[in-house]
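S.K.: Just add 8 to wherever you are in the sequence shown, counting from 1, and you've got the working numbering.
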Amino acid sequence: MATHYYTASSLDGFIATMEHSLDWLLTQEIDQDGPMAYPAFEKEVGALAMGASTFEWVMRHEGGRWGYAQPTWVFTHREIELPTDGDVRRVQGSVAALHDEMLEAAGDKNLWVVGGGDLAGQFADAGLLDEVWVQFAPVTLGEGAPLLPRALDLELIEVARNRNFMCGRYRVVKPAAHSQQAAAG
Numbered sequence: 009m010a011t012h013y014y015t016a017s018s019l020d021g022f023i024a025t026m027e028h029s030l031d032w033l034l035t036q037e038i039d040q041d042g043p044m045a046y047p048a049f050e051k052e053v054g055a056l057a058m059g060a061s062t063f064e065w066v067m068r069h070e071g072g073r074w075g076y077a078q079p080t081w082v083f084t085h086r087e088i089e090l091p092t093d094g095d096v097r098r099v100q101g102s103v104a105a106l107h108d109e110m111l112e113a114a115g116d117k118n119l120w121v122v123g124g125g126d127l128a129g130q131f132a133d134a135g136l137l138d139e140v141w142v143q144f145a146p147v148t149l150g151e152g153a154p155l156l157p158r159a160l161d162l163e164l165i166e167v168a169r170n171r172n173f174m175c176g177r178y179r180v181v182k183p184a185a186h187s188q189q190a191a192a193g
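1. Whole angstroms are fine: how far does the CA of Asp-161 sit from the CA of Phe-144?
2. Within the region 54 to 139, note down every full beta strand (DSSP E) run reaching 3 residues or more, in order along the chain.
3. Given this structure, state the Cα-to-Cα distance separating Thr-25 from Ala-113, to the nearest angstrom.
4. Quick check on DSSP: helix, strand or coil for Glu-50?
5. Between the Cα of Gly-54 and those of Asp-95, Asp-31, Pro-91 and Gly-72, spot the shortest distance and give me the residue it belongs to.
6. Answer yes if the region 43 to 53 comes into contact with the region 92 to 108, meaning at least three C-beta pairs across the two stretches below 8 Å, and no otherwise.
7. Put Leu-33 into one of helix, strand or coil per three-state DSSP.
8. Between the C-alpha atoms of Ile-23 and Leu-136, what's the straight-line distance to the nearest angstrom?
9. Quick check: what's the CA-CA separation for Ala-191 versus Lys-182?
10. Determine which residues share a DSSP beta bridge with Pro-154 and list them.
11. Within 10 angstroms of its Cβ, does Gly-19 collect 16 or more other Cβ (buried), or is it exposed?
12. Is His-28 closer than 8 Å to Ser-61 when the C-beta atoms are compared?
13. Roughly how many angstroms separate the alpha carbons of Gly-124 and Gly-75, rounded to a whole number?
14. Looking only at its chain, what residues have a beta carbon closer than 8 Å to the beta carbon of Met-9, apart from the 5 residues adjacent to it on each side?
15. In terms of residues, what are the limits of the beta strand (DSSP E) holding Gly-42?
16. DSSP on Thr-15, reduced to helix/strand/coil?
17. If you follow the beta strand (DSSP E) that Asn-170 is in, where does it begin and where does it stop?
18. Beta-carbon of Tyr-13 versus every beta-carbon of chain B: anything under 8 Å?
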């Protein structure tokens with residue numbers, strides 16, 4: 009079990025517009041049975057962590073219905089209305105303080121950091137992010153919510169084309185491992 013940040017991005021590195029819209033993404037064709045597509049990824053997810061903006065977008069996009077069976081932690085400092093169905097928890101504070109609880113809830117599956125580049129960055133800052141999966145759409149936005157507003161070293165472990173998407177899967181190079189490699193090099 010691992011902690012994965014799985015998302016889509018514009019070519020210029022944004023996951024949403026300044027208004028938190030994903031309309032640019034939803035107009036793109038992707039083969040749902042193709043390489044690195046969401047359905048296969050989601051089957052390996054046992055728990056979710058997301059920020060409030062992503063949560064609110066999902067609720068709007070799904071007409072107020074919560075579609076995930078997995079337990080979900082929504083990190084926010086503001087009041088949000090939680091769905092009555094599903095296991096959705098409003099939390100605040102350090103991702104590190106809740107990471108073990110989220111992994112335990114995930115069982116033998118992965119924890120998915122959904123959307124929210126800054127939230128994924130908080131997991132990375134704490135040394136808790138294992139992989140980054142990005143599906144790059146053939147669009148540019150010019151501005152918006154950044155893919156991952158952190159300086160990280162990543163190792164490319166898989167690449168694929170899914171219709172017009174360029175898909176990459178990366179292992180996060182942990183600081184201790186990076187220092188050991190540099191010393192050995």
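Ideal Cβ placement from N, Cα and C applies to all residues, glycine included.
M.R.: Taking the definition as stated:
1. 19 Å
2. 80 to 83, 96 to 99 and 118 to 122
3. 32 Å
4. helix
5. Asp-95
6. no
7. helix
8. 21 Å
9. Note that Ala-191 has pLDDT 49, beneath the 50 cutoff, so the model's placement of it is unreliable and the number below is only indicative. Straight-line Cα distance between these residues: approximately 14 Å.
10. Phe-22
11. At residue 19 the sequence reads Leu, which differs from the Gly that was named. By the neighbour-count rule (16 or more Cβ atoms within 10 Å), Leu-19 is not buried but exposed.
12. yes
13. 19 Å
14. Gly-54, Leu-111, Ala-114, Gly-115, Asp-116, Lys-117, Asn-118 and Leu-119
15. It is not in any beta strand (DSSP E) - Gly-42 carries neither H nor E in the DSSP assignment.
16. strand
17. 162 to 170
18. Protein chains in the displayed structure number just one, and chain B is not present.
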